[in-house]
Amino acid sequence: MLNQESPGFSRGECQGILTGLVAGFLAGAFGIGAAVYIQLALMVIFGIPLLESIGTCMLVILPISAAGGLGYLVSGHLVFSIFIETLMGLMIGAWFGAKATHLAPMPFLKAVIVLMPLLGGLIMMMFQH
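In the working numbering, the protein residues as written are 135 to 263.
Here it is as structure tokens:
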């Protein structure tokens with residue numbers, strides 16, 4: 135008997151694509167980092183536990199950041215020297231952060247995931263250029 139699969143995307147695939155479109159648009163349009171939205175979607179929509187959502191998100195944001203960054207580079211809105219300097223520190227910090235995540239209690243991680251974007255938004259509102 136032949137396996138008859140329906141053409142098109144499954145519900146999970148559609149949810150993943152829609153989540154990616156929304157988070158990618160927000161990240162590209164506002165440079166706010168799609169990680170917050172991706173992590174929430176992975177936990178709420180897909181039911182992935184917190185540590186797995188963090189790990190998955192770390193790799194998911196790589197191509198998102200590259201695509202958005204290239205768009206800004208092409209349009210002349212990139213300070214390349216600061217990009218290189220910051221990248222070196224971020225790579226080292228991300229490695230240590232990934233190791234430290236496993237040591238932190240879950241309530242603390244959840245609080246930080248919520249509070250950091252809020253703090254970032256408040257700083258942006260208070261110190262506008």
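Glycine is no exception: its CB is placed at the ideal position from the N, C-alpha and C atoms.
Beta carbon of Ala163 nearer than 8 Å to that of Cys191 = As a position in the sequence shown, residue 163 is number 29, starting the count at 1. As a position in the sequence shown, residue 191 is number 57, starting the count at 1. No, the Cβ-Cβ distance between Ala163 and Cys191 is not below 8 Å.
From Val208 to Ala200, what does the alpha carbon distance come to, in whole angstroms?
-> Counted from its first residue, the sequence shown places residue 208 at position 74. Counted from its first residue, the sequence shown places residue 200 at position 66. Rounded to whole angstroms, Val208 to Ala200 spans 12 Å at the Cα level.
Measure the alpha-carbon distance for Phe230 versus Leu193 and round it to whole angstroms.
-> What you label residue 230 is simply residue 96 of the sequence shown in a count that begins at 1. What you label residue 193 is simply residue 59 of the sequence shown in a count that begins at 1. Roughly 16 Å separates the two Cα atoms.
Leaving out five residues on either side along the sequence, give the residues of the same chain with a beta carbon under 6 Å from the beta carbon of Ala238.
-> Translated into positions along the sequence shown, residue 238 becomes position 104. Nothing listed; no residue qualifies.
Is the beta carbon of Ile151 less than 8 Å from the beta carbon of Phe143?
-> Your numbering for residue 151 matches position 17 in the sequence shown. Your numbering for residue 143 matches position 9 in the sequence shown. In contact: Ile151 and Phe143 (Cβ atoms closer than 8 Å).
Could you tell me whether the region 220–228 touches the region 170–184, using the rule of 3 or more Cβ pairs below 8 Å?
-> no
Got a sec, what are the start and stop residues for the alpha helix (DSSP H) Gln173 sits in?
-> Numbered from 1 along the sequence shown, position 39 holds the residue referred to as residue 173. Per DSSP, Gln173 belongs to the alpha helix (DSSP H) from 169–178.
Are there 16 or more other CB atoms within 10 angstroms of the CB of Ile226, so buried, or fewer, so exposed?
-> The residue you call residue 226 lines up with position 92 of the sequence shown. Ile226 is exposed by the Cβ-count criterion.
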